[in-house]
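Residue numbers (UniProt numbering): 1 to 148. Every residue, glycine too, gets a C-beta built ideally from N, C-alpha and C.
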């Protein structure tokens, strides 16, 4: 996954729009990690206590706005902590995006100490996420915070 760090750096440091850089990061992660079946960003929606869908790769979703506290993404917006769900069917507060989704990881993005958004990854495989995934996504979020 170290190679992905370098490739994320190249995208972040490129002279294209922020939106395009985020889209390219989603595409890179989706293409390179076989169990990343939906990759997207959610960001704080102005002053509202809700998240708004940003760039993503994967199946279309109805969850374009997520209130804080609702689902895994909404919980991360409140807790400010990474949330790994090995099996979404064992999770009470889960917003189903696809019947194929079996696991999810959500990692917050911080800027100046404030939770401004998150990266959300869904997998069609039960319990695929490891410490390596968490480290990679922490790095992605750190770099993304530099361009937001």
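**Prompt:** Where in the UniProt domain "GAF" (19 to 145) do unbroken runs of the beta strand (DSSP E), each at least 3 residues long, occur, reported from the N-terminal end onward?
**Reply:** 38 to 44, 50 to 57, 65 to 67, 83 to 85, 103 to 111, 114 to 123
**Prompt:** Is the segment 87 to 107 in contact with the segment 22 to 31, if contact means three or more CB pairs nearer than 8 angstroms?
**Reply:** no
**Pairwise C-alpha distance: residue 11 and residue 142** = 13 angstroms
**Asked** Quick check: the segment 60 to 76 against the segment 125 to 141, are there 3 or more CB pairs under 8 angstroms?
**Response** no
**Message:** I need the straight-line Cα distance from residue 95 to residue 3, nearest angstrom please.
**Reply:** 32 angstroms
**Prompt:** With C-beta atoms as the reference, is residue 98 less than 9 angstroms away from residue 35?
**Reply:** no
**Message:** Quick check on the DSSP output: the alpha helix (DSSP H) that includes residue 9 runs from which residue to which?
**Reply:** 2 to 12
**Item:** Contact set for residue 61: own chain, Cβ-Cβ below 6 angstroms, skip 5 residues either direction
**Value:** 97
**Message:** For residue 88 and residue 82, what's the separation of their Cα atoms in angstroms?
**Reply:** 15 angstroms
**Message:** For residue 120, count the other beta carbons within 10 Å of its own beta carbon; 16 or more makes it buried, fewer makes it exposed. Which is it?
**Reply:** buried
**Prompt:** In or out: residue 15 buried (at least 16 other Cβ within 10 Å) or exposed?
**Reply:** exposed
**Message:** Relative to the C-alpha of residue 128, which candidate in 139, 56, 41, 33 has its C-alpha closest?
**Reply:** 33
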